[in-house]
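A.B. asks: Below you will find the structure I want to go over with you.
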Amino acid sequence: MVKKIPKGKVTSYGRIAALLGKPRAARAVGYALNALSKDQEQKVPWQRVINSQGKISFRGDTGRSILQRKILEDEGVKFDFADKIDWKVFGWPDMIPSKSLLKKRKLTSISVVKQKKRK
């Protein structure tokens, strides 16, 4: 899902979790992105995922936060005086999917799990 975020746009950990049908798994999204290998970081635009307040999450490594901001600024993302982005301008997707779409995705992921267990 993160690979679908276009250059110059950002989304939140929670929004990625919701799009995956797990709206309460924002932290898991963060852990997954933090666990990317150097090779995977080149393929997954991890820098485009920020917190729900529109800020870069501090992960204990200030160098990584500075790098994330630099990459985003190079992609055209602008931060305001409070180090926040404007969701209306830079947010992706423009709208959170409807509850019915989330339910459909959740059912799809559940059915895939059940199919795997049958084999």
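Numbering (my numbering), first residue to last: 156 to 274. Cβ atoms here follow ideal geometry from the backbone N, Cα and C, with glycine treated the same way. Because the structure is a prediction, the values reported are computed rather than measured.
#1: For S220, name the three-state secondary structure that DSSP assigns.
#2: To the nearest angstrom, how far is it from the Cα of V184 to the Cα of E228?
#3: From V157, M156, K164, pick the residue whose C-alpha is nearest to that of G246; which is it?
#4: Which class does V184 belong to by DSSP, given the choice of helix, strand or coil?
#5: Do three or more CB pairs link the region 158-172 to the region 206-214 at distances below 8 Å?
#6: Three Cβ pairs or more, each shorter than 8 Å: is that satisfied between the region 193-207 and the region 215-234?
C.D. replies: Here's the rundown:
#1: The sequence position of residue 220 within the sequence shown is 65, counting from 1. Reduced to three states, the DSSP call for S220 is helix.
#2: The count along the sequence shown starts at 1 and reaches residue 184 at position 29. The count along the sequence shown starts at 1 and reaches residue 228 at position 73. V184 and E228: Cα-Cα distance of roughly 22 Å.
#3: Along the sequence shown, one-based indexing puts residue 246 at 91. The option with the nearest alpha carbon to G246 is K164.
#4: As a working mapping, residue 184 is identified with position 29 in the sequence shown. In the structure shown, V184 sits in a helix (DSSP, three-state: H, G or I).
#5: Touching, yes, given that three or more Cβ pairs across the two stretches are closer than 8 Å.
#6: Yes: the two stretches touch, three or more of their Cβ pairs being nearer than 8 Å.
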